[in-house]
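Quick note: to get the working numbering, add 36 to the position in the sequence shown (first position is 1). Backbone N, C-alpha and C define an ideal beta-carbon position, used for all residues, glycine too.
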Amino acid sequence: MRRLQPGDPDYPVLLDAVPAPPALWVRGALVTADALAVAIVGARRATPYGVEVAERLAAELALRGVTIVSGFARGIDTAAHRGALAAGGRTLAVLGSGVDVVYPPENRGLVRAIEGHGALVSQFAPGTPALPGHFPVRNRTLAGLALGVVVVEAASRSGAQITAGFAGDLGREVFAVPGRITSDASAGTNRLIQDGAKLITCWQDIVSELPEPWRRAVQSPSPAARGPAPPPTESEEGRVLALLMQDEPQHIEELIARGGLDPARAAATLVTLELGGWARQLSGQRWVSVHAGARRA
Numbered sequence: 037m038r039r040l041q042p043g044d045p046d047y048p049v050l051l052d053a054v055p056a057p058p059a060l061w062v063r064g065a066l067v068t069a070d071a072l073a074v075a076i077v078g079a080r081r082a083t084p085y086g087v088e089v090a091e092r093l094a095a096e097l098a099l100r101g102v103t104i105v106s107g108f109a110r111g112i113d114t115a116a117h118r119g120a121l122a123a124g125g126r127t128l129a130v131l132g133s134g135v136d137v138v139y140p141p142e143n144r145g146l147v148r149a150i151e152g153h154g155a156l157v158s159q160f161a162p163g164t165p166a167l168p169g170h171f172p173v174r175n176r177t178l179a180g181l182a183l184g185v186v187v188v189e190a191a192s193r194s195g196a197q198i199t200a201g202f203a204g205d206l207g208r209e210v211f212a213v214p215g216r217i218t219s220d221a222s223a224g225t226n227r228l229i230q231d232g233a234k235l236i237t238c239w240q241d242i243v244s245e246l247p248e249p250w251r252r253a254v255q256s257p258s259p260a261a262r263g264p265a266p267p268p269t270e271s272e273e274g275r276v277l278a279l280l281m282q283d284e285p286q287h288i289e290e291l292i293a294r295g296g297l298d299p300a301r302a303a304a305t306l307v308t309l310e311l312g313g314w315a316r317q318l319s320g321q322r323w324v325s326v327h328a329g330a331r332r333a
């Protein structure tokens, strides 16, 4: 754990350019390349659509050398961190607590991965609990660490919208992912688009809006960095993955019934797909494919 102040050699360049917190505590490592950073934030109660989009955008950007910044919260934030890590990229988690306090507790397993491929960052002293009043303050620091903020899903009044507001105040780009007009989870993002945020549907939409020196810093991913090929369609994993290629999560019992699968083999196959980065388990034994939209395209 390190304590950095404005003016220190390792203090983030982007944050040093705006009114910055008097100190940052860091678990992990901040590097010069983290100045090429995009924040991805959104709803804690995210839909499967939002989780898939956040993971995909984070992975595509991370593959190209962009550091993904987010707030370590449930839902979209967690999906953004996971997407960046799955692509072998870097990610920064900006906390509303001390860096030694894990909140939400279910993200404890993410801490070691983020430390090894980025950093957990906080302006709050070690031991500080995650209190409601800390998160709006944290959101300004989060916006300051990125060249732009992408809001994937947000209710009409949300912390993600606050972060987008800070980004605009700091002269950073504001992006929003459109959603269904009937979905409460997309009410805030659709409103941001109405108010002038840039509508995005892919990573290219984000990169094209960055200042020219930063666009030139974006890398082309090597073939090896694109990850493993999907399982063959005729294999057991391929057949189960095909059952998951829908917009809504599938309960394991529904998968077993639809595919005529042995329950024990179905559970083992789903775990294999999850370890390979092709499926994700949600609460209540529901499963979704990862990057399904990209594979269907």
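Beta carbon of residue i nearer than 8 Å to that of residue j
i      : j      : result
Thr114 : Asn143 : yes
Glu248 : Glu209 : no
Leu72  : Trp323 : no
Asn175 : Gly207 : no
Glu88  : Trp239 : no
Gly184 : Val74  : yes
Ala182 : Gly78  : no
Gly296 : Val276 : no
Ala335 : Ala253 : The requested residue 335 does not occur in the structure, where the chain is confined to residues 37 to 333.
Val187 : Leu93  : no
Leu121 : Ser158 : no
Arg126 : Gly154 : yes
Arg148 : Arg110 : no
For residue i: DSSP bridge partner residues
i      : result
Trp323 : Gln286, Gln317
Val158 : The sequence given here has Ser at residue 158, not Val. In the DSSP output, where bridge partners are listed per residue, Ser158 has Trp61.
Leu235 : Ala212
Val77  : Val187
Val130 : Val157
Residue i, DSSP secondary structure in three states
i      : result
Arg38  : strand
Val173 : helix
Ser222 : helix
Thr103 : strand
Ile217 : coil
Gly296 : coil
Thr305 : helix
Thr114 : helix
Pro84  : helix
Leu206 : coil
Gln240 : helix
Arg332 : Caution applies to Arg332, whose pLDDT of 33 falls short of 50 and renders its modelled position unreliable; the value that the coordinates give is listed next. Arg332: helix per DSSP, three-state reduction.
Glu96  : helix
Asp70  : helix
Gln230 : helix
Arg193 : coil
Pro45  : coil
Glu5   : In the structure as shown, the chain begins at 37 and stops at 333. Residue 5 is therefore absent and cannot be evaluated.
Thr199 : helix
Gly312 : coil
Val54  : coil
Gly145 : helix
Nearest-angstrom beta carbon gap, residue j and residue i [assumed within contact, 8 Å]
i      : j      : result
Ala129 : Ser106 : 7 Å
Gly134 : Phe160 : 5 Å
His287 : Gln321 : 6 Å
Trp314 : Pro257 : No, Trp314 and Pro257 are not in contact; Cβ-Cβ is about 18 Å, not under 8 Å.
Glu284 : Pro84  : 7 Å
Val137 : Pro165 : 6 Å
Glu273 : Thr305 : 6 Å
Residue i versus residue j - alpha carbon distance
i      : j      : result
Gly86  : Ile112 : 7 Å
Gly124 : Leu99  : 7 Å
Ile76  : Leu228 : 15 Å
Glu91  : Ile104 : 11 Å
Gln317 : Gly43  : 44 Å
Asp298 : Ile292 : 7 Å
Asn226 : Phe202 : 18 Å
Val54  : Thr269 : 51 Å
Ala59  : Gly145 : 26 Å
Glu151 : Leu51  : 20 Å
Ala278 : Arg39  : 48 Å
Ser325 : Pro45  : 42 Å
Pro140 : Gly224 : 23 Å
Ser271 : Thr308 : 12 Å
Val173 : Arg63  : 19 Å
Leu163 : Asp220 : The residue you asked about is not Leu; residue 163 is Gly in the sequence shown. Cα-Cα distance, rounded: 35 Å.
Val243 : Tyr47  : 24 Å
Glu302 : Gln282 : Residue identity differs from the one stated: residue 302 is Ala in this sequence, not Glu. Distance between the alpha carbons of Ala302 and Gln282: 18 Å.
Leu235 : Ala300 : 44 Å
Arg193 : Ile217 : 16 Å
Ala56  : Asp205 : 14 Å
Asp241 : Met37  : 36 Å
Ala328 : Ala82  : Low confidence applies to Ala328: its pLDDT is 42, below 50, so where it sits in the model is not reliable, and the reading given next is rough at best. One C-alpha to the other measures close to 17 Å.
Thr199 : Phe171 : 10 Å
Val102 : Ser319 : 30 Å
Asn65  : Ala116 : For the sequence presented, residue 65 should be read as Ala rather than Asn. When rounded, the distance between both Cα atoms is 19 Å.
Val49  : Trp61  : 16 Å
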